[in-house]
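To start, the structure under review is shown below, and the notes come after it.
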Amino acid sequence: MKTGFIGLGKMGMNMVAGLLDHGHEVLVYDLSQSNMEEAAGIGARAVDSLSTMVSQLEPRRILWMMVPAGKPVDTTMDALLPHLSAGDILVDGGNSNYRDSVRRARDAARYGVLFLDIGTSGGLEGARHGACMMAGGSREAYEQLEPLIRDMCVDGGYGYMGASGAGHFAKMVHNGVEYGMMQAIGEGFDILDSSQFEFDHREVARVWSNGSVIRGWLMELVCRAFEKDGRLDYLSGEIADSGEGKWTLEAALEEEVSAPVIAAALFRRYRSRSDDNFSDKVVAALRHEFGGHGFSSKEV
Ligand SMILES: O=C(O)[C@H](O)[C@@H](O)[C@H](O)[C@H](O)COP(=O)(O)O
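FYI, the numbering for the sequence shown is 3 to 302, going by the working numbering.
Below you can see the structure in the form of structure tokens.
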């Protein structure tokens, strides 16, 4: 399918590469000229502005935004919407707050534009070789886009979650769960590390990755991190966050749902910024492994 893709960061560039692999025609736009050149180098068609992109797509256009959450999404939409026509589809595939997505769907509807909020998971590897996508918004638009979404995802790794905002809400809660799981893994290794035994963390992670109840991608990633350095001495235990754990907790508080694990994991992240702990180093290493997120280097 012919698609306009806006935002060639780490995730966007990999998604464009995946779309090209599947034979889709992709027009790309990014604020960075070097990102545009890189995308052109792998077969995308770079355009010099959003209005040029729109003019080079036929009505019932498909435009996919993969820009940082917050103001950049609004700025992109403000620039795009006046050029679009009724029936065009606009996707926000980033980590936007679901409340913003509800508002943006209304803004898009004023132009007859069908808006989809699609939460995207699976980190950089997923973006390149098959992600997981949670879609909210116009069901009609979702059905039209299904062949494209299918090519971007692993088998069975996508679905329609419900009305506008539901896609990003599902992704937000997914991230809350992610915080809790990573925190538990970090704490487990902290207990091993503090014990009377001389555990080889990499060996434990390798064994736990095969056949155990807690096997899975996060365990494989922690194994990968320990392969680099069994003590993770290349990073500090300071853990950043995108805000999604906080939003998840806010939703839980609003609905008076008890979510102590997610709350504790979030608060632990806040605390990690003022002290250094082995469990935090494990979580910081995991974020780096699956998302390519930066980490603070250890001070020597
Ligand atoms: O599902 C995913 O692929 C990840 O969750 C991804 O979306 C991103 O790496 C996180 O948003 C990081 O979240 P924090 O910065 O809050 O840890």
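By construction, the Cβ of each residue, glycine as well, lies at the ideal position given by its N, Cα and C atoms.
_Here's a check: name, in chain order, each residue in its chain whose Cβ is nearer than 6 Å to the Cβ of aspartate 153, leaving out the five neighbours to either side._
Residue mapping note: residue 153 aligns to position 151 of the sequence shown, counting from 1. The residues are His24.
*Give a yes or no on whether the C-beta atoms belonging to leucine 52 and leucine 82 are separated by under 8 Å.*
In the sequence shown, residue 52 corresponds to position 50, counting from 1. In the sequence shown, residue 82 corresponds to position 80, counting from 1. Closer than 8 Å, so yes.
*Residues in its own chain within less than 8 Å of valine 302 by CB, not counting five upstream and five downstream?*
Position 300 of the sequence shown, counted from the start, is the residue given in the question as residue 302. Residue placement at valine 302 cannot be trusted, given a pLDDT of 40 that sits under 50; what the coordinates show is reported in the next sentence. Once the five neighbours on either side are set aside, valine 302 has no close Cβ partner at all.
*State the DSSP-derived secondary structure class of valine 115, mapped to helix, strand or coil.*
In the sequence shown, residue 115 corresponds to position 113, counting from 1. DSSP places valine 115 in coil when its eight states are reduced to three.
_Can you tell me which residues form a DSSP beta bridge with phenylalanine 7?_
For this step, residue 7 is matched to residue 5 along the sequence shown. According to DSSP, which records beta bridges pairwise, phenylalanine 7 is partnered with Val30, Trp66.
*Which term fits glutamate 246, buried or exposed, when burial requires 16 or more other beta carbons within 10 angstroms of its beta carbon?*
Locating residue 246 in the sequence shown gives position 244, counting from the first residue. Buried, because 16 or more other Cβ atoms sit within 10 Å of the Cβ of glutamate 246.
*Pick out whichever of Ile120, Asp235, Glu256, Gly9 has its Cα sitting closest to the Cα of aspartate 282.*
What you label residue 282 is simply residue 280 of the sequence shown in a count that begins at 1. Considering only alpha carbons, the answer is Asp235.
*Would you kindly work out how many angstroms separate the C-alpha atoms of phenylalanine 280 and alanine 287, rounded to a whole number?*
Residue mapping note: residue 280 aligns to position 278 of the sequence shown, counting from 1. Residue mapping note: residue 287 aligns to position 285 of the sequence shown, counting from 1. Going from the Cα of phenylalanine 280 to the Cα of alanine 287 covers about 11 Å.
*Would you list, in sequence order, the uninterrupted beta strand (DSSP E) runs of no fewer than 3 residues that lie entirely inside the stretch 142 to 188?*
155 to 164
*beta strand (DSSP E) runs wholly inside the stretch 51 to 96, at least 3 long, in chain order*: 64 to 67, 91 to 94
*Okay, do the stretch 156 to 169 and the stretch 131 to 142 touch, 3+ Cβ pairs below 8 Å being the bar?*
yes
*Mind checking who alanine 41 pairs with in its DSSP beta bridge?*
As a first step, residue 41 must be located in the sequence shown, where it is residue number 39. Answer is none; alanine 41 lacks a bridge partner.
*asked:* For glycine 296, report the span of its alpha helix (DSSP H) as first-last.
replied: On the sequence shown, position 294 is the one that residue 296 refers to. No alpha helix (DSSP H) holds glycine 296; DSSP gives it neither H nor E.
*asked:* For a test of your reading of the model: does the CB of asparagine 177 fall under 7 Å from any non-hydrogen atom of ligand 1? Yes or no.
replied: If you number the sequence shown from 1, residue 177 lands on position 175. Yes; taking the cut-off as 7 Å, the Cβ of asparagine 177 has a heavy atom of ligand 1 nearer than that.
*Relative to the alpha-carbon of histidine 290, which residue among Gly124, Leu21, Gly96 has its alpha-carbon at the smallest distance?*
For the purposes of this step, residue 290 is taken as the residue at position 288 of the sequence shown. Histidine 290 has its Cα closest to that of Gly124, out of Gly124, Leu21, Gly96.
_arginine 217 versus valine 209 - alpha carbon distance_ = Counted from its first residue, the sequence shown places residue 217 at position 215. Counted from its first residue, the sequence shown places residue 209 at position 207. Answer to the nearest angstrom: the Cα atoms are 9 Å apart.
*Confirm the yes/no value for this check: CB of serine 103, any heavy atom of ligand 1, distance under 7 Å.*
The residue given as residue 103 occupies position 101 in the sequence shown. It does not: the Cβ of serine 103 is nowhere closer than 7 Å to a heavy atom of ligand 1.
*Have a look at Ser98, Ser140, Ile120 and flag the residue whose alpha-carbon is nearest the alpha-carbon of arginine 108.*
What you label residue 108 is simply residue 106 of the sequence shown in a count that begins at 1. Arginine 108 has its Cα closest to that of Ser140, out of Ser98, Ser140, Ile120.
*For serine 298, which residues from the same chain have a beta carbon less than 6 Å from its beta carbon, with the 5 sequence-adjacent residues on both sides left out?*
Counting from 1 along the sequence shown, the entry for residue 298 is found at position 296. Ser238, Glu240.
*Any idea what DSSP makes of valine 302, helix, strand or coil?*
Taking the sequence shown and counting its residues from 1, one reaches residue 302 at position 300. Low local confidence applies: a pLDDT of 40 at valine 302 is under 50, so the model's placement there is unreliable, and no value is given.
*Separation of phenylalanine 292 from glutamate 40, as counted between CA atoms*: Mapped onto the sequence shown, residue 40 falls at position 38. Mapped onto the sequence shown, residue 292 falls at position 290. Within the model, the alpha-carbon separation for glutamate 40 versus phenylalanine 292 is close to 22 Å.
_Excluding the 5 residues flanking asparagine 37 on each side, which residues of the same chain have their C-beta closer than 6 Å to its C-beta?_
Against the sequence shown, residue 37 aligns to sequence position 35. Excluding residues within five positions, the ones whose Cβ falls inside 6 Å are Leu10.
_Between the CA atoms of glycine 232 and aspartate 202 - distance to the nearest angstrom_ = Position 200 of the sequence shown, counted from the first residue, corresponds to residue 202. Position 230 of the sequence shown, counted from the first residue, corresponds to residue 232. Approximately 7 Å, taken between the alpha carbons.
*Tell me whether serine 276 sits in a helix, a strand or coil according to DSSP, three-state version.*
Here residue 276 corresponds to residue number 274 of the sequence shown, with the count starting at 1. Coil at serine 276, not helix or strand.
*Please classify alanine 137: does DSSP put it in a helix, a strand, or coil?*
Within the sequence shown, numbered from 1, the residue matching residue 137 stands at position 135. Here alanine 137 sits in strand by DSSP.
*Take the Cβ of isoleucine 8 as the centre, count every other Cβ of all protein chains shown within 10 Å, and call the residue buried at 16 or more, exposed below.*
As a position in the sequence shown, residue 8 is number 6, starting the count at 1. By the 10 Å Cβ count, isoleucine 8 comes out buried.
*If we cut at 8 Å on Cβ distances, does glutamate 142 have a partner in chain B?*
Considering every chain present, this structure includes no chain B. It has just one protein chain.
*With a CB to CB cut of under 7 Å and the five nearest residues on each side skipped, what residues in its chain are close to alanine 42?*
Taking the sequence shown and counting its residues from 1, the one referred to as residue 42 is at position 40. Excluding sequence neighbours, alanine 42 sits near Ala48.
*alanine 261 versus alanine 19: straight-line alpha-carbon distance, rounded*: Stepping through the sequence shown from its first residue, residue 261 is reached at position 259. Stepping through the sequence shown from its first residue, residue 19 is reached at position 17. Near 38 Å, if we compare the C-alpha coordinates of alanine 19 and alanine 261.
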